[in-house]
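Colleague: Okay, here's the structure, questions in a sec.
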Amino acid sequence: MEIVMSVVVGILFMSATYLMLSKSLLRIIVGTAILSHGAHLLILTMGGLKKGAAPLLGENGPYTDPLPQALILTAIVIAFGVTAFFLVLAYRAYQELGTDNMDKLRGTEGND
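Residue numbering for the sequence shown follows our numbering, beginning at 929 and increasing consecutively.
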């Protein structure tokens, strides 16, 4: 199962990199969101996809480590906040400048 998850993480990283290298600001934002989802799956996969009981005191036996799940939960909340901020920033930039093209936003398209 770890091999399948590793391939999925690689595909998510590949598609996120492709989207983040585009000229559209909206595609860049979607690329950062996909990259964060890939990082969440990577942390979960590195933590181990074991089947086990909850880590309770007094229980002996195989249990699942709760640390990766706690890290992912925190990262999901942070990624949601950053994505919301990026979307508001892009909307405001589109209102002011009338475009989401990165070259036009930089002012370098007409100078060639």
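The beta carbon of each residue, even a glycine, is placed where N, CA and C say it ideally should be.
Using alpha carbons as the reference points, say which of His-968, Asp-993, Leu-1025 lies closest to Lys-979.
Modeller: Translated into positions along the sequence shown, residue 979 becomes position 51. Lys-979 has its Cα closest to that of Asp-993, out of His-968, Asp-993, Leu-1025.
Colleague: With distance defined between alpha-carbon atoms, name the residue in Val-932, Ser-943, Thr-1036 nearest to Ser-964.
Modeller: For the purposes of this step, residue 964 is identified with residue 36 of the sequence shown, where counting begins at 1. The shortest C-alpha separation from Ser-964 is found at Ser-943.
Colleague: Do you know offhand how far Leu-970's Cα is from Val-937's?
Modeller: Residue 970 sits at position 42 when you count from the first residue of the sequence shown. Residue 937 sits at position 9 when you count from the first residue of the sequence shown. In a straight line, the C-alpha of Leu-970 is about 6 Å away from that of Val-937.
Colleague: Taking all protein chains shown into account, decide if Leu-940 is buried (16 or more other Cβ within 10 angstroms of its Cβ) or exposed.
Modeller: Within the sequence shown, numbered from 1, the residue matching residue 940 stands at position 12. Answer is buried; the Cβ neighbour count reaches 16.
Colleague: What is the DSSP secondary structure of Ser-943, counted as helix, strand or coil?
Modeller: As a first step, residue 943 must be located in the sequence shown, where it is residue number 15. Correct three-state label for Ser-943: helix.
Colleague: If we ignore side chains and look at the alpha-carbon of each, how far apart do Leu-947 and Phe-1014 end up?
Modeller: Taking the sequence shown and counting its residues from 1, the one referred to as residue 947 is at position 19. Taking the sequence shown and counting its residues from 1, the one referred to as residue 1014 is at position 86. Roughly 15 Å separates the two Cα atoms.
Colleague: Is DSSP giving Ser-952 helix, strand or coil here?
Modeller: Within the sequence shown, numbered from 1, the residue matching residue 952 stands at position 24. Three-state DSSP puts Ser-952 in a strand.
Colleague: To the nearest angstrom, report how far apart Val-1016 and Val-958 are at their CA atoms.
Modeller: Locating residue 1016 in the sequence shown gives position 88, counting from the first residue. Locating residue 958 in the sequence shown gives position 30, counting from the first residue. Cα to Cα, the separation comes out at about 13 Å.
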